[in-house]
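Since the structure comes first, as structure tokens, the remarks are kept for the end.
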Amino acid sequence: MLDIRDLRRQGLAAAVSFKLQAGECLGVRGPSGAGKSLLLRAIADLDPSDGHVSWQGQERGQMPAPDWRKIVGYLPAEPGWWADRVGDHFQNWAVLLPLVTRLGLPADAEHWPVTRPSTGERMRLAFLRALERAPKLLLLDEPTAALDAKSVAIVEEIVAERRRDQGLAVIWVSHDPEQSRRVSSRVLQVEQGRAWEEGAV
Amino acid sequence: MEGPGLSYIALSNGDLLLASLLVLANAALSLALDLGLHKRLFMASVRMVVQLFLMGMVLTTLFRLLSPWLTGLAVVVMVGFAGREVAERQERRLLGWWSYGLGTGSMMLAAVLVTVLALTSALRPEPWYDPRYALPLLGMILGNTMTGVSLGLNSLTNGLYLRRAAVEARLMLGEDRRTAFAPVVRQSLRQALMPIINVMSATGVVSIPGMMTGQILGGVPPQEAVKYQIMILFLIAGGVGLGALAAVYGGAWALSDARHRLRLDRLGTPKA
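As you go down the protein sequences, you meet chains P and V in turn. Its first residue numbered 1, the first sequence is counted upward by one per residue in this note's numbering. Its first residue numbered 1001, the second sequence is counted upward by one per residue in this note's numbering.
If you want it as structure tokens, here you go:
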């Protein structure tokens, strides 16, 4: 279980607290610039923050940051690439192949130069990259904003499977209220640096 | 400088005036072509002349006094100015004490270490801190180390800023800051060392280095001047390498924290 108590950071006006069970998905909604990404970055420990964050009773501050980030996967709205070849960003492309094809990516995308994929393809590749490390908690920042309806459905489907089969906990930022309702049972509303949870949808 | 066997043609102030006509010609060109450089050209020339004449006076005094303390003070002043220069040349400066301290510290470490090494092992003047050797040597090493340190730091801060998404992507996959920063760090060190590598490859073919020129004009046989030049270039390469290493790794340290985060909040906004 993810337990967040009094999480404070620069850019967020008020402390955030919530709990999230394994396999659960929390939708995050709110206007642009409200602090949704700031919240995800604070949970990922990419920016300094105060308060308590723990997974299965293990306090984040008690473990080395790289260990925490192996538990937590984060797909930012603009994912970064450090190598020249697409395949160099993955541990084992062959193992991922079924997911690659399912997401509508060509099997040989591994050999592409990293400049080649379109925005939508890049988003799906980054999604794959985050899944590959088998995180326990997945932070998604508008993962389907640049995708067509079919790809959106597949991404939602894959996340649902992981939640069911592996107990993956998900925090999903989306601008689409329909999508929030589809993928999550609970919604965190973020506005002007304040976050509160809406009653069960 | 009237050692036995040394002969050189002394310059009169009139000779300098004649050479300065070339700068005036440049200024005229700038005016004619509307380059807007004439003011800066003029200021730089005036600074150069004043600074060098002052330096001549200071060196004369220091050479005569032969005091370790005053020589040390001169070293501190030189490194201090170099540190300011490095900070000025940064597009994005580290905030607070770091912006000035990191460059100064790296150069102090590298240039002074290399100079002292050369003075106590290869040159061995008596006493070893004899300012006649120590200060020109430090000046040459420091000048090049300054270029290396400022290029390296600039490349590091720009690289981390522009490639922040790539760096954080790796951090997010559970890699430590060393691994995540490695491509940027490597590129920054390359940037820092490239000038001295270029100088070493081109020297003797394309250019005759300034120090060697000076010695030859001063009457030193070319063979001897060459040996000095080779040693100086090795020392410079050593100083640049050491300084850049300290500055780039120090900068990477300053822009990350113990939780392996990229701390761009410790970086100022670029100068206009």
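We put the beta carbon where it would ideally sit given N, CA and C, even for glycine.
So P:A77 and P:S37 are in contact, right, with Cβ under 8 Å, and what is the actual spacing, rounded? Taking the first sequence and counting its residues from 1, one reaches residue 77 of chain P at position 77. Taking the first sequence and counting its residues from 1, one reaches residue 37 of chain P at position 37. Indeed, because the Cβ distance is near 7 Å, the residues count as touching under 8 Å.
Does DSSP put V:W1253 in a helix, a strand or coil? As a first step, residue 1253 of chain V must be located in the second sequence, where it is residue number 253. In this structure, V:W1253 counts as helix in the three-state DSSP scheme.
Give a yes or no on whether the minimum CB-CB distance between P:V201 and chain V is below 8 Å. Here residue 201 of chain P refers to the residue found at position 201 when the first sequence is read from its first residue. Note that P:V201 scores a pLDDT of 41, beneath 50, so its modelled location is shaky; the value from the coordinates is reported in the next line. P:V201 does not count as touching chain V.
What residue ranges within the stretch 1120 to 1194 of chain V form continuous alpha helix (DSSP H) runs of no fewer than 4 residues, ordered along the chain? 1131 to 1162 and 1164 to 1172
Would the beta-carbon of P:A169 fall within 8 Å of that of P:A22? Within the first sequence, numbered from 1, the residue matching residue 169 of chain P stands at position 169. Within the first sequence, numbered from 1, the residue matching residue 22 of chain P stands at position 22. Taking 8 Å as the Cβ cut-off, P:A169 and P:A22 qualify as a contacting pair.
Just confirm the distance between the C-beta atoms of V:L1113 and V:L1242, as a whole number of angstroms; I'd bet it's less than 8 Å. As a working note, residue 1113 of chain V is residue 113 in the second sequence. As a working note, residue 1242 of chain V is residue 242 in the second sequence. With a beta-carbon spacing of about 7 Å, V:L1113 and V:L1242 fall inside the 8 Å limit used to define contacts.
Please give the ranges of any beta strand (DSSP E) in the stretch 6 to 75 of chain P, keeping only runs that are unbroken, at least 3 residues long and fully inside the region. 16 to 20, 25 to 29, 50 to 55 and 72 to 75
Would you verify that the beta carbon of P:L46 is, or is not, closer than 8 Å to some beta carbon of chain V? Within the first sequence, the letter at position 46 stands for residue 46 of chain P. Chain V contact via Cβ: present.
What's the gap between the Cα of V:V1110 and the Cα of V:A1134? Locating residue 1110 of chain V in the second sequence gives position 110, counting from the first residue. Locating residue 1134 of chain V in the second sequence gives position 134, counting from the first residue. Reading off the sequence shown, one finds Ala at residue 1110 of chain V, where the question assumed Val. In a straight line, the C-alpha of V:A1110 is about 14 Å away from that of V:A1134.
Chain-ordered chain P contacts of V:A1252 [CB-CB under 7 Å]: In the second sequence, the residue the question calls residue 1252 of chain V occupies position 252. The premise fails here: V:A1252 is roughly 15 Å from chain P at the closest Cβ pair, so nothing lies under 7 Å.
Completely contained alpha helix (DSSP H) runs for the stretch 1193 to 1220 of chain V, where each covers 4 or more residues: 1210 to 1217
Take the Cβ of V:M1212 as the centre, count every other Cβ of all protein chains shown within 10 Å, and call the residue buried at 16 or more, exposed below. Looking up residue 1212 of chain V in the second sequence gives position 212. So V:M1212 ends up on the buried side.
For chain V, check one thing: does any of its Cβ atoms lie closer than 8 Å to the Cβ of P:A65? The count along the first sequence starts at 1 and reaches residue 65 of chain P at position 65. Chain V contact via Cβ: present.
Closer than 8 Å, Cβ to any Cβ of chain P: which residues of the stretch 1145 to 1171 of chain V, in chain order? R1163, R1164, A1165, A1166, V1167, E1168, A1169, R1170 and L1171
Under 8 Å between C-beta atoms of P:P79 and V:A1027: Here residue 79 of chain P corresponds to residue number 79 of the first sequence, with the count starting at 1. Here residue 1027 of chain V corresponds to residue number 27 of the second sequence, with the count starting at 1. No, these two residues do not count as a Cβ contact at 8 Å.
Just how far apart, CA to CA, sit V:G1003 and V:G1072? Numbered from 1 along the second sequence, position 3 holds the residue referred to as residue 1003 of chain V. Numbered from 1 along the second sequence, position 72 holds the residue referred to as residue 1072 of chain V. The pLDDT assigned to V:G1003 is 47, lower than 50, so where the model puts this residue is not dependable, and the model offers no usable value.
Sorted by chain position, which residues of the same chain lie with C-beta nearer than 7 Å to V:H1260's C-beta, five sequence neighbours on each side aside? Indexing the second sequence from 1 puts residue 1260 of chain V at position 260. Cβ neighbours of V:H1260 beyond the five flanking positions: L1171, D1176 and R1177.
With 8 Å set as the bound, which would you pick, yes or no: does the beta-carbon of V:D1034 sit closer than that to a beta-carbon of chain P? Along the second sequence, read from residue 1 onward, the residue named residue 1034 of chain V stands at position 34. For V:D1034, the answer is no, since every Cβ of chain P falls outside 8 Å of its Cβ.
Here's the rule I'm using: 16 or more other beta-carbon atoms within 10 Å means buried, otherwise exposed. How should P:L97 be labelled? Here residue 97 of chain P corresponds to residue number 97 of the first sequence, with the count starting at 1. Label assigned to P:L97: exposed.
Thinking C-beta only, is P:S151 closer than 8 Å to P:G120? Walking along the first sequence from the start, residue 120 of chain P turns up at place 120. Walking along the first sequence from the start, residue 151 of chain P turns up at place 151. Against a cut-off of 8 Å, the Cβ pair of P:S151 and P:G120 comes out as a contact.
Which stretch, first to last residue, makes up the alpha helix (DSSP H) that contains P:E161? For the purposes of this step, residue 161 of chain P is identified with residue 161 of the first sequence, where counting begins at 1. The continuous alpha helix (DSSP H) containing P:E161 extends over residues A149 to Q166.
Shorter than 8 Å from the beta carbon of P:E78 to some beta carbon of chain V? As a working mapping, residue 78 of chain P is identified with position 78 in the first sequence. Yes, P:E78 lies at the interface with chain V (some Cβ there is under 8 Å from its Cβ).
Name the residues in the stretch 113 to 130 of chain P whose C-beta lies less than 7 Å from a C-beta of chain V; which are they? none
Going by DSSP in three states, V:V1079 sits in which element: helix, strand or coil? Indexing the second sequence from 1 puts residue 1079 of chain V at position 79. In the structure shown, V:V1079 sits in a helix (DSSP, three-state: H, G or I).
When you compare the CB of V:L1095 with every CB in chain P, is at least one pair closer than 8 Å? Within the second sequence, numbered from 1, the residue matching residue 1095 of chain V stands at position 95. Not one chain P Cβ lies under 8 Å of V:L1095.
The stretch 132 to 155 of chain P: which residues have C-beta closer than 7 Å to a C-beta of chain V, in chain order? R133
Taking contact to mean at least 3 C-beta pairs separated by less than 8 Å, is the stretch 100 to 117 of chain P in contact with the stretch 171 to 187 of chain P? no
Mind checking V:V1079: buried by the 16 CB within 10 Å criterion, or exposed? Position 79 of the second sequence holds residue 1079 of chain V. So V:V1079 counts as buried.
From the DSSP secondary-structure annotation, give me the bridge partner or partners of P:A195. For the purposes of this step, residue 195 of chain P is taken as the residue at position 195 of the first sequence. In DSSP, P:A195 forms a bridge with P:V190.
Establish whether the CB of P:K70 and some CB of chain V are separated by less than 8 Å. Along the first sequence, one-based indexing puts residue 70 of chain P at 70. With 8 Å as the cut-off, P:K70 counts as an interface residue toward chain V.
Just confirm the distance between the C-beta atoms of V:V1240 and V:T1145, as a whole number of angstroms; I'd bet it's less than 8 Å. Numbered from its first residue, the second sequence carries residue 1240 of chain V at position 240. Numbered from its first residue, the second sequence carries residue 1145 of chain V at position 145. Rounded, the Cβ-Cβ distance is 5 Å, consistent with contact.
What does P:W81 reach in chain V if we use C-beta pairs closer than 9 Å? Along the first sequence, read from residue 1 onward, the residue named residue 81 of chain P stands at position 81. By Cβ distance, chain V contributes A1165, A1166 and A1169.
What are the boundary residues of the beta strand (DSSP E) that includes P:D141? Locating residue 141 of chain P in the first sequence gives position 141, counting from the first residue. That run of the beta strand (DSSP E) goes L137 to D141.
Relative to the C-alpha of V:L1011, which candidate in V:V1184, V:L1217, V:Q1223 and V:T1060 has its C-alpha closest? Taking the first residue of the second sequence as 1, we reach residue 1011 of chain V at position 11. Nearest C-alpha to V:L1011: V:L1217.
Anticipated Cβ contact below 8 Å, P:L46 with P:D141, distance rounded: Your numbering for residue 46 of chain P matches position 46 in the first sequence. Your numbering for residue 141 of chain P matches position 141 in the first sequence. Not confirmed; about 12 Å, so no contact.
Where P:P42 and V:V1046 are concerned, what is the direct C-alpha to C-alpha distance, given to the nearest angstrom? What you label residue 42 of chain P is simply residue 42 of the first sequence in a count that begins at 1. What you label residue 1046 of chain V is simply residue 46 of the second sequence in a count that begins at 1. The sequence given here places Ala at residue 42 of chain P; Pro does not occur at that position. Whole-angstrom Cα-Cα distance: 54 Å.
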